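The structure under discussion appears below in the form of structure tokens.
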Amino acid sequence: MSYSKGASMPEVALLVGTRKGAFVLSSSAARKKWELSEVYCRGGDVYHFVQDARNGGAVYVAVNYMIWGAEIHISHDLGKTWTTADSPPKFADRDGKTLNKIWHIRPGGVSEPDVLYAGAAPASLFRSDDGGNSWQEIRSIADHPTSEHWFPGLGGLCLHSIALDERNPARIWVGISAAGVFGTGDGGESWRPLNKNVRADFIPDAKDLEFGQCPHKLLSHPARSGLLYQQNHCGTYRSDDCGETWVDITEGLPSRFGLALGLHPHDPDTLYVLPEDNAIEDGEVGGDFRIVSGNKFRVFRSRNGGSDWEALTNGLPQKNAYLHSMREGMATDSLDPCGVYIGTTNGQIFYSRDEGDNWELLIDNLPPINSVEVAQF
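In terms of my numbering, the sequence shown is residues 534 to 910.
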């Protein structure tokens, strides 16, 4: 797959966040030839890079600098020019508590064109009502009565996933590492833990816990109100009732562990996961050795909501694949057939133009990839 520097406004683009900055890969709807941009937010650790398709395709970067801290950068021309949010997410009246990182940005629903949400660490949720220029904390989640019992996972105590009900802007769900999924039906005035039937194998004698589970990625489907999927530390799950109960759909996968999760844009019953081995909890490993299960890079697809799974391997490395993908590492486009994209911490992006049946290496030698999202124009 060829790519070159320099890009005009494309039909489809990949927004890639890495540990050294952000990149845009641009293509036509054919998705055969890609052009690579220069690096944006140079030297910043970009946790998320996402398009807001409601307002002319503005793009937002959640970037964490070693010196300057956490910022949000905004571009209305796909990276040609940038502005920085005047008042980014930060804590006020928190007794000196400091916001460490911005993990996730989520544009609001179509009925609220200037609203965006951001998740941060320590676990906190922010809202912008002016297109991302200024942000205010929704304190009700950080002040939840269970919060005094939350403890950090490997990535810290972070609010990393925000899911919305496109038909009801007051209904929001968040995923918090090692705390669980929480939901609100009143726009954030109040929250409830929503973790029924979700395992927490890392907690001794864990059974029927109200909170303390460890979601790795949480997604809602815009075409079916109330449908949620999550890739968890302890399995893959589906909820058909707005998170009230969860169904374990892990059977048929080689591992319960993983981070990346993707949904087919038009078919709510089709989803993609990348199972990994969780060697952190292996008594023979004294550090982080999370890699794809069996050293085989296999994306698994279900077309029936997780009842059955098939391994997608054509074009993906099946030997000596010491690869790992982060929680924002998988994305899908809305073309027909839909494209599926997955980035690795080795700096590769693999992609499929036919819903996962066949795969190609789109690019390699990028910095370690944190985030892959699709922008369409």
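From the three backbone atoms N, C-alpha and C, an ideal C-beta is built for every residue, glycine too.
A quick note: this is a predicted structure, and the numbers were derived from the prediction, not measured.
Within 7 Å, strictly: CB atoms of residue i and residue j
i       : j       : result
Ser-753 : Ala-712 : no
Asp-866 : Gln-881 : no
Phe-582 : Ala-555 : yes
His-693 : Trp-779 : no
Asn-765 : Pro-748 : yes
Ser-835 : Leu-804 : yes
Thr-846 : Arg-823 : no
Lys-553 : Pro-900 : yes
Gly-759 : Leu-727 : no
Phe-659 : Pro-702 : no
Gly-838 : Asp-890 : no
Gly-721 : Trp-706 : no
Leu-828 : Asn-853 : Just to set this straight, residue 828 is Asn in the shown sequence, not Leu. Yes.
Gly-665 : Tyr-593 : yes
Ile-671 : Trp-724 : no
Glu-568 : Ser-559 : yes
Ala-793 : Ser-858 : yes
Arg-886 : Gly-876 : no
Arg-587 : Val-643 : yes
Ala-654 : Gly-689 : yes
Burial state of residue i, where buried means 16 or more other Cβ atoms lie within 10 Å
i       : result
Glu-784 : exposed
Pro-646 : exposed
Thr-631 : exposed
Leu-687 : exposed
Ala-733 : buried
Ala-908 : buried
Gln-669 : exposed
Val-818 : Because the pLDDT at Val-818 is just 49, under 50, the model does not fix this residue reliably, and the value given afterwards should be weighed accordingly. Exposed.
Ile-600 : exposed
Tyr-598 : exposed
Asn-730 : exposed
Leu-894 : exposed
Ser-710 : buried
Arg-789 : buried
Arg-704 : buried
Val-648 : buried
Val-579 : buried
Ala-591 : buried
Pro-678 : exposed
Ala-625 : exposed
Ser-661 : buried
Gly-652 : buried
His-682 : exposed
Residue i in three-state terms, based on DSSP
i       : result
His-682 : helix
Ile-508 : The structure shown has nothing for residue 508, since the chain only spans 534 to 910.
Ser-753 : strand
Ala-675 : helix
Pro-621 : coil
Gln-746 : coil
Asp-719 : coil
Gly-577 : coil
Val-648 : coil
Asp-698 : strand
Ile-709 : strand
Glu-777 : coil
Val-818 : At Val-818 the pLDDT is 49, less than 50, meaning the model places this residue with poor confidence and gives no usable figure here.
Beta bridge counterpart(s) of residue i as assigned by DSSP
i       : result
Lys-634 : Ala-654
Ser-608 : Val-592
Asp-810 : Ile-824
Ile-896 : Ile-882
Glu-861 : Ser-904
Asn-853 : Answer by DSSP bridge pairing: none, since Asn-853 is not bridged.
Val-545 : Ser-560 and Gln-909
Arg-836 : The partner list for Arg-836 (beta bridge, DSSP) is empty, contrary to what the question assumes.
Ile-875 : Met-863 and Phe-883
Ala-844 : Phe-833
Whole-angstrom C-beta distance between residue j and residue i, which should lie under 8 Å
i       : j       : result
Pro-870 : Phe-833 : At roughly 18 Å, the Cβ-Cβ gap does not stay under 8 Å, so Pro-870 and Phe-833 are not in contact.
Met-863 : Val-825 : That pair is no contact at about 13 Å.
Tyr-874 : Leu-547 : 6 Å
Ala-595 : Ile-607 : Not really, about 11 Å apart at Cβ, beyond 8 Å.
Tyr-573 : Gly-612 : 5 Å
Leu-751 : Val-714 : 6 Å
Asp-902 : Thr-551 : Rather than Asp, the amino acid found at residue 902 in this sequence is Ile. Ile-902 to Thr-551, Cβ: 5 Å. Contact.
Pro-640 : Asp-698 : Contact flag wrong, Cβ pair sits at about 14 Å.
Leu-856 : Trp-892 : Contact flag wrong, Cβ pair sits at about 13 Å.
Phe-910 : Pro-543 : 7 Å
Gly-589 : His-609 : 6 Å
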